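Following: one structure in structure tokens, then a few remarks.
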Amino acid sequence: MPEFPLDPNKDEDIPSPPVCTPLSQLKEGEEAVVTGFIGGCAFTQRLTEMGLRRNAKIRVLVSHGGAVVIQTGNVKIAVGLNMARRILARR
1 MPEFPLDPNK DEDIPSPPVC TPLSQLKEGE EAVVTGFIGG CAFTQRLTEM GLRRNAKIRV
61 LVSHGGAVVI QTGNVKIAVG LNMARRILAR R
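The numbering used here applies: residue 1 is where the sequence shown begins, and numbers increase by one.
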């Protein structure tokens with residue numbers, strides 16, 4: 001009988017998924033990669049038109065409870081807190 005490649009009793013054999021964090025929880029100076037958006041087509045399209053896309057490398061410039069300002073490439077983008085909560089990123 002072939003051996004099962006992963007032992008379900010050993011956690012180290014099971015890769016853990018990357019942790020996604022809302023943009024609103026990142027701190028100033030942190031860098032991350034955008035992993036997705038929580039919202040429909042209109043929300044995603046609006047962010048794309050602003051210059052923010054999935055897999056974009058970002059850096060948080062300002063984040064203190066209100067608007068969040070990020071930089072991706074040479075573009076700076078400001079979003080409100082409600083939008084920032086719906087943008088997911090991986091540190």
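Note that CB positions come from ideal geometry on N, CA and C, so glycine has one too. These numbers were taken from a predicted model, which means no experiment stands behind them.
Taking Ser24 as the centre and dropping the five residues before and after it, the same chain places the C-beta of Val68, Leu81, Ala84, Arg85 closer than 7 Å to its C-beta, in chain order. Taking every protein chain shown into account, the CB of Val79 has 16 or more other CB atoms within 10 angstroms, so this residue is buried. For Val60, the CB contacts under 6 Å within the same chain, skipping 5 residues up- and downstream, are Leu26, Glu28, Glu30, Ile70 in chain order.
Apart from sequence neighbours up to five positions away, the residues of its chain that approach Val62 with a beta-carbon distance below 6 Å are Val69, ordered along the chain.
Boundaries of the beta strand (DSSP E) around Gln71: 68-72.
About 17 Å separates the CB atoms of Gly51 and Thr35; that is not less than 8 Å, and the two are not in contact.
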